[in-house]
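Here the protein sequences come in this chain order: P and Z. With the working numbering, letter number 207 in the first sequence gets 207, and the count goes up by one each step, no holes. Residues are numbered in the working numbering as their position in the second sequence, beginning at 1, plus a constant of 287.
Number of protein chains: 2
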Amino acid sequence: MHRVNGACDRVTTVFFLYWPISCTSLPLPLDIVHILTIVCFAVHFTISFSTSHSPQFPFPTMAEKVVLHYFNGRGKMESIRWLLTVAEVEFDEVHLTTREQFLKLLGDGDLMFQQVPMVEIDGMKLVQTRAILNYIAGKYNLDGKDLKERAMINMYSEGLRDLMEMIMILPFTPPADVPAKLETIQSKATERYLPVFEKALTGAMHLVGGQLSCADVELLECTLMLEEKFTGILSQFPNVKSFQGKNITFKPAITRFLQPGSKRKPQPDEDYVKTVLAVFDVKLLSR
Amino acid sequence: MHRVNGACDRVTTVFFLYWPISCTSLPLPLDIVHILTIVCFAVHFTISFSTSHSPQFPFPTMAEKVVLHYFNGRGKMESIRWLLTVAEVEFDEVHLTTREQFLKLLGDGDLMFQQVPMVEIDGMKLVQTRAILNYIAGKYNLDGKDLKERAMINMYSEGLRDLMEMIMILPFTPPADVPAKLETIQSKATERYLPVFEKALTGAMHLVGGQLSCADVELLECTLMLEEKFTGILSQFPNVKSFQGKNITFKPAITRFLQPGSKRKPQPDEDYVKTVLAVFDVKLLSR
């Protein structure tokens, strides 16, 4: 949307700025034509630069508040809460607590594939975690400067999502299977995932392009989740540990998000699991 | 990458085209200045328009051939083969047949998270299906005209990926569980997924923005997969069936891809399953 607006605004700007100069019927002296030409180029350059770097040029649209529809727990929504926080976007939450609420959303046609998370943003009702994350990352310049950077960010993000989903599903795993699952997660984390990030963060504070991206935000979220389950797991990964420390204090919004009373959710407990199962009307989540 | 290049090229172009005009020391008559100004604006407009619509302006870089590293079967690579075909990008394939080949790739550090698919493209070794698909879709303008269109495309794609992954995992499911899984897939396809596409395709040939996107390509792939498993499943979804027919003939490359002898892979058979399990050194894939 803003890109379309941006393009229209540029056309309008260029038209009003340049058209009088190129109109040969105006009896302007040569010097004034030259000076106006230079001024117009300068203005146009500034505009071109701004539009290609800021999605909200020239006037941010007055958007309604972002509303998240999900359980009062982490699950698939937590990465979205993280990303909105880092983008410094205010949001409200509607917590699903009963099956009736969920059926109402379904009945109203608000959930494209009959699933949550759902996020109301910029007049849309977005579903599918990755679609939502991509939209936010794109809108707030957290997805790299070009397609190659975005590809790197996507690769890191997808790896982190695989790892976080293994942790996310734990509360819905039969208790007898949990120790084995935990062992698998720990070994994959230390052998498959963390070494990649340790290497990528050699001498760098951010994973891609020397600037904050959604991959950094997901790595921060993921490392904190890992430490909750496996104390000291980052001790063999000093770059990752240092990245975590630096990024926690990188933005006041992140620091605040990690304080008690923020919109960050705690680790899932029995109540969370009961609510999810009741809302979805299932005995055990099968996948 | 091409976006960065594009920006540099524009700066250069604008500098060489406009600078002589704005140089007041040139003894040019007023009329010539005006005519040159008009010409420059026309050229610049054309360039601006081209760069914002074609990622390969002004000179496509000579890229090496795209190489896919995967099994000689569909799996997670098939959607990538589809998308490259639609983008009319030539590609080669290296088929994994032995564990040694896989260990060699791991040893060479070619697989970021020790997984395939991996695709060599534009000097990168991309992994993670979605990262690869996003890169191709972005490079070949198959991801919408703006962020909102991309969000819609992402939502449809993610739904289709969920559905296709259920089918993809079938050959690795214990035979006794297959009938129940098939029933689940069929009911989800007809109750959760196909109605969404049936509605979106009312009076439209493409899912988003009146032009071909990666979501169309995935819907085409998915509906053909569904029909292989459930004959006549599209009979209740006339818009989807009509979409399928129109898109098969939309590009000669798609028609060719559906002919025998193309790079499209057949349904997985016992040999495919055996090879996958041997290469990954597992008895049964667990998730």
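Idealized CB from N, CA, C, for every residue including glycine. Just so it is clear, the structure is predicted and the values come from calculations on it, not from any experiment.
Asked, Found
"Output yes if chain P places a C-beta closer than 9 Å to the C-beta of Z:GLU445; else output no.", "yes"
"Note down, in chain order, each residue of its chain lying with its Cβ closer than 7 Å to the Cβ of P:VAL178, except the 5 sequence neighbours on either side.", "LEU170"
"Inspect the CB distances between the region 497-507 of chain Z and the region 419-431 of chain Z and report whether three or more fall short of 8 Å.", "yes"
"Within its chain, find whatever has a CB closer than 8 Å to the CB of P:TRP19; leave out the 5 residues flanking it on each side and keep chain order.", "Residue placement at P:TRP19 cannot be trusted, given a pLDDT of 45 that sits under 50; the coordinates are not used to answer."
"Would you please verify whether the beta carbon of Z:LYS570 is less than 9 Å from any beta carbon of chain P?", "no"
"Candidates Z:MET439, Z:GLN473, Z:LEU371: which alpha carbon is nearest P:ALA131's?", "Z:MET439"
"Strictly under 9 Å for the Cβ-Cβ distance: is P:ASP318 near chain Z by that measure?", "There is no way to answer for residue 318 of chain P, as the model of chain P reaches only from 1 to 287."
"So Z:MET442 contacts chain C; which residues on that side make the cut at Cβ distance below 7 Å?", "Given the protein chain composition of this structure (P and Z), no chain C is represented."
"Can you tell me which residues form a DSSP beta bridge with P:LEU142?", "According to DSSP, P:LEU142 bridges with nothing at all."
"Short of 7 Å in beta carbon distance, which residues of its chain neighbour P:SER262, apart from the five on each side in sequence? Order them along the chain.", "ARG256"
"In chain order, which continuous runs of the alpha helix (DSSP H) of length 4 or greater are located wholly inside the region 232-256 of chain P?", "238-248"
"Does the beta-carbon of Z:VAL569 have 16 or more other beta-carbons within 10 angstroms, so that it is buried, or is it exposed?", "exposed"
"For a contact meaning CB atoms closer than 8 Å, what does Z:ALA374 contact in chain P?", "The premise fails here: Z:ALA374 is roughly 13 Å from chain P at the closest Cβ pair, so nothing lies under 8 Å."
"By the criterion of Cβ-Cβ separation under 8 Å, what are the contact partners of Z:TYR480 in chain P?", "PHE113"
"Give the DSSP-derived three-state secondary structure of P:LYS125 in the structure shown.", "strand"
"Examine chain Z for any beta-carbon lying closer than 9 Å to the beta-carbon of P:VAL217, and answer yes or no.", "no"
"If you measure from the beta carbon of P:VAL196 to each beta carbon in chain Z, is any gap under 9 Å?", "yes"
"Pull up the CB-CB distance for P:LYS229 and P:ILE136, whole angstroms please, since I reckon it's below 8 Å.", "Contact doesn't hold; Cβ gap of about 27 Å is too wide."
"Within this structure, are the beta carbons of P:PHE71 and P:THR97 separated by less than 9 Å?", "yes"
"Please name the residue, chosen from Z:ASP449, Z:GLU375, Z:GLU514, Z:VAL373, that lies closest to Z:GLN554 on a Cα-to-Cα basis.", "Z:GLU514"
"Please state the DSSP three-state secondary structure of Z:PHE389.", "helix"
"Closer than 9 Å, CB to CB, is Z:ALA476 near chain P or not?", "no"
"Just the C-alpha distance for P:HIS206 and Z:SER474, rounded to the nearest angstrom, thanks.", "44 Å"
"Cα separation between P:GLN244 and P:THR202?", "13 Å"
"In terms of residue numbering, what span does the alpha helix (DSSP H) encompassing Z:TYR443 cover?", "434-455"
"I want to see whether chain Z comes within less than 9 Å of P:ALA204, judged by CB atoms only; does it?", "no"
"Looking only at its chain, what residues have a beta carbon closer than 7 Å to the beta carbon of P:GLY75, apart from the 5 residues adjacent to it on each side?", "MET168"
"Classify P:LEU277 as helix, strand or coil using the three-state DSSP reduction.", "helix"
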